[in-house]
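Visitor: Residue numbering for the sequence shown follows the working numbering, beginning at 1 and increasing consecutively.
Where is the CB? At the ideal position from N, CA and C, for every residue including glycine.
Keep in mind that this is a model prediction, so the values were computed, not measured.
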Amino acid sequence: MKKVFKYIGITLMSLVAIGAILFFIYLKPFMDKMKVTETIQLDPSITLVTGGGGNSGIIVGDSLVVVIDTKMDDAATEFHKQVMNLAGSKPILVINTHWHPDHVGGNKLFANQQILAGGSYDQDEWIKEAGKESLPTQWLLSQQIIPLGNDTLIVFNLAKDVHTPSDVMVYLPGHKLLFGGDVILNKQAPVLMGKASAAAYEEVLASLPSKMDIKTVVPGHGKIGGPEIITDFAAYFTDMREAASNSNKEEELVAKYKEWNQIPFFMSPKATIDHYKK
Numbered sequence: 001m002k003k004v005f006k007y008i009g010i011t012l013m014s015l016v017a018i019g020a021i022l023f024f025i026y027l028k029p030f031m032d033k034m035k036v037t038e039t040i041q042l043d044p045s046i047t048l049v050t051g052g053g054g055n056s057g058i059i060v061g062d063s064l065v066v067v068i069d070t071k072m073d074d075a076a077t078e079f080h081k082q083v084m085n086l087a088g089s090k091p092i093l094v095i096n097t098h099w100h101p102d103h104v105g106g107n108k109l110f111a112n113q114q115i116l117a118g119g120s121y122d123q124d125e126w127i128k129e130a131g132k133e134s135l136p137t138q139w140l141l142s143q144q145i146i147p148l149g150n151d152t153l154i155v156f157n158l159a160k161d162v163h164t165p166s167d168v169m170v171y172l173p174g175h176k177l178l179f180g181g182d183v184i185l186n187k188q189a190p191v192l193m194g195k196a197s198a199a200a201y202e203e204v205l206a207s208l209p210s211k212m213d214i215k216t217v218v219p220g221h222g223k224i225g226g227p228e229i230i231t232d233f234a235a236y237f238t239d240m241r242e243a244a245s246n247s248n249k250e251e252e253l254v255a256k257y258k259e260w261n262q263i264p265f266f267m268s269p270k271a272t273i274d275h276y277k278k
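1) Do A189 and S63 have their beta-carbon atoms positioned less than 8 Å apart in this structure?
2) Would you kindly check if the distance between the Cβ of D124 and the Cβ of F103 is under 8 Å?
3) By the 10 Å Cβ neighbour count, where 16 or more other Cβ atoms means buried, how is Q262 classified, buried or exposed?
4) Comparing alpha-carbon positions, which option in F110, P264, A206, G118 lies nearest I92?
5) Name the residue from A130, E129, L172 whose alpha carbon lies nearest to the alpha carbon of I146.
6) Alpha carbon to alpha carbon, how far is H80 from K226? Give it in angstroms, no decimals.
7) Do you know offhand how far G53's Cα is from A75's?
8) Please confirm whether H221 and L185 have their CB atoms less than 8 Å apart.
9) How is E147 classed by DSSP in three states: helix, strand or coil?
10) Would you kindly work out how many angstroms separate the C-alpha atoms of V83 and K249, rounded to a whole number?
11) How close, in whole Å, do the beta carbons of G194 and T97 come, if the pair is a contact with beta carbons under 8 Å?
12) Pull up the distance between the alpha-carbon of I127 and that of L135, whole angstroms please.
13) To the nearest angstrom, how far is it from the Cα of T272 to the Cα of L158?
14) Of the residues N55, I40, K256, I59, which one's Cα is nearest the Cα of G174?
15) Measure how close the beta-carbons of G119 and L141 come, nearest whole angstrom, since I'm counting them as under 8 Å.
16) What whole-angstrom Cβ distance do I179 and V170 have, given they're in contact under 8 Å?
17) By Cβ distance below 6 Å, which residues in the same chain neighbour T137 in space, the five residues on each side in sequence not counted?
18) Can you tell me whether DSSP reads E38 as helix, strand or coil?
19) Is it buried or exposed, K71, if we count other Cβ atoms within 10 angstroms and call 16 or more buried?
20) Given that a residue counts as buried once 16 or more other Cβ atoms are within 10 Å of its Cβ, and exposed if not, what is P264?
21) Identify which residue in D73, G61, H100, E78 has its Cα closest to the Cα of A87.
Listed below in structure tokens is the structure:
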């Protein structure tokens, strides 16, 4: 019996040690990097704020200010101050691309404003995922067009299990600007948990170029760029699907993405390969 307890003790200590190593080598640097914010003035009416959770946008229209994702923790508070300074007396509409806390953590700071999110979510599941204080006030079933004076904002619910059960994208045709939420990432491996579907990612990414004219892409995480972000992210899924079906190519294909942000077993090429194998 003593040997059994000794074995259990050694096993538990080993797991704790492995967890600590993973935390300090991968998770902590990733979280520290994610906390850093940068403000980019795309034009006088559009302010983009990267980091601090998910990437966000502030679009100032003639009579309405639209906010896309509200960040998390301290960054959410600072972002809220930016929004209020830009909004002045204009009403604010918050749009959530999806329900993860790094994108909706600041919703509670917009308690007196309208908050719009995908209508395919179950309200009770939202509360479990992100808390009651982050709940939207409006649910979008398909598409909504919002005139802003200097442009038109098109919000559309993907209405399928991609990253989450009800991911939303936002497109401004006058600026050829697309906010992709976590359905589009720039040099970061995706998290494929719950109902997430790599096949659905592939389907959506393949359809975007033919549906809209895109010049600028705001990914859910990573630097802002052009349509090559969509192309590169789509290629990632193609490569991981190939790696899942051909073990001889796995090492080579995984190596292509060694510089991408990733966390082993959770948010990495190998995790995506495992997802395809299920």
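Guide: Concretely, from the data shown:
1) Position 63 of the sequence shown, counted from the first residue, corresponds to residue 63. Position 189 of the sequence shown, counted from the first residue, corresponds to residue 189. No, Cβ-Cβ distance for S63 and A189 is not below 8 Å.
2) Numbered from 1 along the sequence shown, position 103 holds the residue referred to as residue 103. Numbered from 1 along the sequence shown, position 124 holds the residue referred to as residue 124. The sequence given here places His at residue 103; Phe does not occur at that position. Result no, Cβ atoms of H103 and D124 do not sit closer than 8 Å.
3) Indexing the sequence shown from 1 puts residue 262 at position 262. Q262 comes out buried.
4) As a first step, residue 92 is located in the sequence shown; it is residue number 92 there, counting from the start. Selected option, being the one with the closest Cα: F110.
5) Locating residue 146 in the sequence shown gives position 146, where the first residue counts as 1. Out of A130, E129, L172, L172 has the C-alpha closest to the C-alpha of I146.
6) Residue 226 sits at position 226 when you count from the first residue of the sequence shown. Residue 80 sits at position 80 when you count from the first residue of the sequence shown. Looking at the sequence shown, residue 226 is not Lys but Gly. Looking at the two C-alpha atoms, the distance is approximately 27 Å.
7) In the sequence shown, residue 53 corresponds to position 53, counting from 1. In the sequence shown, residue 75 corresponds to position 75, counting from 1. Approximately 8 Å between the Cα atoms of the pair.
8) Stepping through the sequence shown from its first residue, residue 221 is reached at position 221. Stepping through the sequence shown from its first residue, residue 185 is reached at position 185. Cβ atoms of H221 and L185: closer than 8 Å.
9) Taking the first residue of the sequence shown as 1, we reach residue 147 at position 147. Note on identity: in this sequence residue 147 is Pro, with Glu being the wrong assignment. It is a strand residue.
10) By one-based count along the sequence shown, residue 83 stands at place 83. By one-based count along the sequence shown, residue 249 stands at place 249. Their Cα atoms are separated by approximately 47 Å.
11) Along the sequence shown, one-based indexing puts residue 194 at 194. Along the sequence shown, one-based indexing puts residue 97 at 97. Contact flag wrong, Cβ pair sits at about 16 Å.
12) For the purposes of this step, residue 127 is taken as the residue at position 127 of the sequence shown. For the purposes of this step, residue 135 is taken as the residue at position 135 of the sequence shown. Taking the straight line from one Cα to the other gives about 7 Å.
13) Counting from one through the sequence shown, the residue named residue 272 turns up at place 272. Counting from one through the sequence shown, the residue named residue 158 turns up at place 158. Answer to the nearest angstrom: the Cα atoms are 21 Å apart.
14) Start at 1 with the first residue of the sequence shown, and residue 174 comes out as number 174. Measuring from the Cα of G174, the nearest candidate turns out to be I59.
15) For this step, residue 119 is matched to residue 119 along the sequence shown. For this step, residue 141 is matched to residue 141 along the sequence shown. With 8 Å as the limit, G119 and L141 qualify as a contact, their Cβ atoms being about 4 Å apart.
16) On the sequence shown, position 179 is the one that residue 179 refers to. On the sequence shown, position 170 is the one that residue 170 refers to. Here the sequence assigns Phe to residue 179, which means Ile is not the residue at that position. Yes, F179 and V170 are in contact; Cβ-Cβ is about 4 Å, under 8 Å.
17) Against the sequence shown, residue 137 aligns to sequence position 137. Around T137: Q114, I115.
18) Taking the sequence shown and counting its residues from 1, one reaches residue 38 at position 38. Strand.
19) In the sequence shown, residue 71 corresponds to position 71, counting from 1. Classification of K71: buried, given that the 10 Å Cβ count is 16 or more.
20) Start at 1 with the first residue of the sequence shown, and residue 264 comes out as number 264. Under this definition P264 is an exposed residue.
21) Locating residue 87 in the sequence shown gives position 87, where the first residue counts as 1. Ranking D73, G61, H100, E78 by Cα distance to A87 puts G61 first.
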